[in-house]
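Sequential numbering from 1005 applies to the sequence shown in our numbering. Here a beta-carbon is modelled for each residue, glycine too, at the ideal position from N, C-alpha and C. Let me begin by presenting the structure, written as C-alpha cells, before commenting on it.
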Amino acid sequence: MEPPSAPPCRVSVPWQGLLLSVSLLTFWNLPTTAQLTIESVPANAVEGSDVLLLAHNLPENLQGYYWYKGESAMDNQQIALYVIATQETRPGSVYSGREKIYPNGSLLFQNVTQNDTGFYTLQTLNISLHKELASVQLHVYELVTKPSINTTTNTTVTEQGSVVLICVSYDTGISIRWIFNNQSLRLTERMTLSEGNSTLSIDPVRREDDGEYQCEVYNMVSSRRSDSIRLAVIYDPTTASSGLSAGAIAGIVVGVVAGVALIVALAHFLFFRKTSGASNQRDLTEHKPSASNHSLGTSDNSPNKVDEVSYSSLIFNTREPKQPIPALSVSTAAETVYLEVKRK
C-alpha cells in the first residue's frame, strides 16, 4: 500500500514585489554623473606667476569650451572659445593674450597680476547642445616688501614711562604682527594695538619689556620682518611701584600710625608707673629711720625687728700748737661724731 502523496505546494508572489525589486536593481546599476568643478592651482598665486584653472568631471560628447571672467556666461566677458574638433582657440572680448585653453578644458593664466583676481567660469557644450557651468575664484597676491619700525619716543626709556612703536609698510592687503625676542609678542594689559596692528603702545613700561622688537607683515603667499629695534628700560627706584592699590596703601599707613600711637601710649604708661613707684619707695625710705629709732627705744629685743642700727665713732683730733695745758682746764681738742649705719 503506497503512502498518500502530498499535494503540490504553490507560492504566490505578488507582481508588485517583483516590480519593486527590478526597479531597485536598475537604480543601483545606474552610472553616477559627477558634477563639473574647477580647481585653482595654486589656490593663492603670487603676482607674476602662472596659474592653472583645472577642470574636473567633464561631461561626455563635448564639442567646445567657453571661458568667461566673472560668475556668469556673459558674451561681453568671454575670454576665449575652444573648439574640440579643430583644437582651435577663438579669442573673446576680454582676451589678454596670456590665457591658453587646453584640450581637457583647463585654462592656463600666465604672468598673473592683482587685477586678475576674481571669479572665472567654464561653460561646456555637448553635441546635444546641453550646457554646464562651473566657477572658481582666483586669488593673486604680491610679494610683501620689508617693513620698518619708527618710534615717537626714545628707545631708552625709564621704567614707568611709555613708548610707541610704529610699523611702516607700503604694501596693501597685508596683516601685521609684532615679534618680541624672536617670538610672537604676548600682549599684556599695559599694551595696546591700533586698528590694523600697525602701532604698538606700552604704558607704563616695565623692566620685563626690555628687549628686541620687530614687526612682520604677511599675506597668503609671503611674509617679511623688519630689522629689530632694541628697547632699553632703565630702572628708576624713585618711581618704583609697590603694585598695591591706593586703598591698600592707605590701609597700611593707617595701621602703621595706629601701631605707633599705641606704642607711644604704652611707653608713657610704663614711664609714669615706674616714676610713681620710685617716688613711693623714696618716701617709704625717708620714714623708716624714725620708725626704727622708735622701735629701738621701746622694744629693742623684739624678735621680729627688721632694721638693725649700729653706731660707729669717728674721732677727729685737732692739732693745736704745742703749748702747756693747764691742769684744771677741760680740753675740747677731741670731738666725737656719731654716724648711723643702717643694715638691712
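Counting C-beta neighbours from all protein chains within 10 Å, is the total for residue i 16 or more, i.e. buried, or is it exposed?
i	result
Lys1073	buried
Ile1378	Residue 1378 falls outside the range modelled here, since the chain spans only 1005 to 1348, and no answer is possible.
Ser1110	buried
Thr1176	exposed
Val1055	buried
Ala1265	exposed
Asp1304	Confidence is the limiting factor: at Asp1304 the pLDDT is only 47, short of 50, which leaves the residue's position unreliable, though a coordinate-based value still follows. Classification of Asp1304: exposed, given that the 10 Å Cβ count is below 16.
Glu1103	buried
Asp1079	exposed
Tyr1174	exposed
Ile1105	buried
Thr1196	exposed
Ala1271	exposed
Ala1059	buried
Phe1031	Note that Phe1031 scores 39 on pLDDT, short of 50, meaning its location in the model is unreliable; the coordinates nonetheless yield the value given after this. Classification for Phe1031: exposed.
Phe1113	buried
Glu1212	exposed
Val974	Summary: the structure shown does not reach residue 974, with the chain confined to residues 1005 through 1348, and so no result is reported for it.
Ile1256	exposed
Ile1042	buried
Val1352	Since the first residue shown for the chain is 1005 and the last is 1348, residue 1352 is missing from the structure and cannot be characterised.
Identify the continuous beta strand (DSSP E) that holds residue i and give its terminal residues.
i	result
Lys1073	1066-1073
Val1050	1048-1050
Asn1080	Careful: Asn1080 lies outside any beta strand (DSSP E) and carries neither H nor E.
Val1167	1167-1172
Lys1104	1103-1105
Asn1154	1152-1155
Ser1076	Note, Ser1076: premise wrong, no beta strand (DSSP E); not H, not E.
Glu1043	1041-1045
Leu1204	1203-1206
Arg1181	1179-1184
Leu1235	1233-1238
Thr1160	1160-1162
For residue i, which three-state DSSP category applies?
i	result
Ile1256	helix
Leu1111	strand
Ile1088	coil
Leu1133	coil
Asn1223	coil
Lys1278	helix
Ser1122	First, the residue type needs correcting, since residue 1122 is Gly and not Ser in the sequence shown. Residue state, collapsed to three classes: strand.
Leu1197	strand
Leu1056	strand
Pro1095	strand
Arg1211	helix
Val1264	helix
Leu1270	helix
Ser1100	coil
Quick one, are the C-beta atoms of residue i and residue j less than 7 Å apart?
i	j	result
Ile1183	Gln1218	yes
Ile1088	Gln1118	no
Tyr1069	Tyr1086	yes
Ser1166	Glu1075	no
Val1172	Asn1154	yes
Glu1163	Asp1240	yes
Ile1178	Val1148	yes
Pro1151	Ser1232	no
Leu1040	Glu1136	yes
Thr1159	Leu1235	yes
Ala1077	Asn1061	no
Val1161	Val1237	yes
Glu1220	Asn1185	no
Thr1121	Val1144	yes
Ser1044	Leu1191	no
Verify the contact flag: residue i, CB atom, against every heavy atom of the ligand FMN, threshold strictly below 6 Å.
i	result
Leu1085	With respect to small molecules bound, the structure shown includes none, and the ligand FMN cannot be examined in it.
Quick one: any contact between the stretch 1199-1219 and the stretch 1125-1143, if contact means 3 or more CB pairs under 8 Å?
They do not touch, by the three-pair rule.
Does the stretch 1044-1054 touch the stretch 1225-1242, meaning 3 or more C-beta pairs lie closer than 8 Å?
Because the criterion of three Cβ pairs below 8 Å is met, the stretch 1225-1242 and the stretch 1044-1054 touch.
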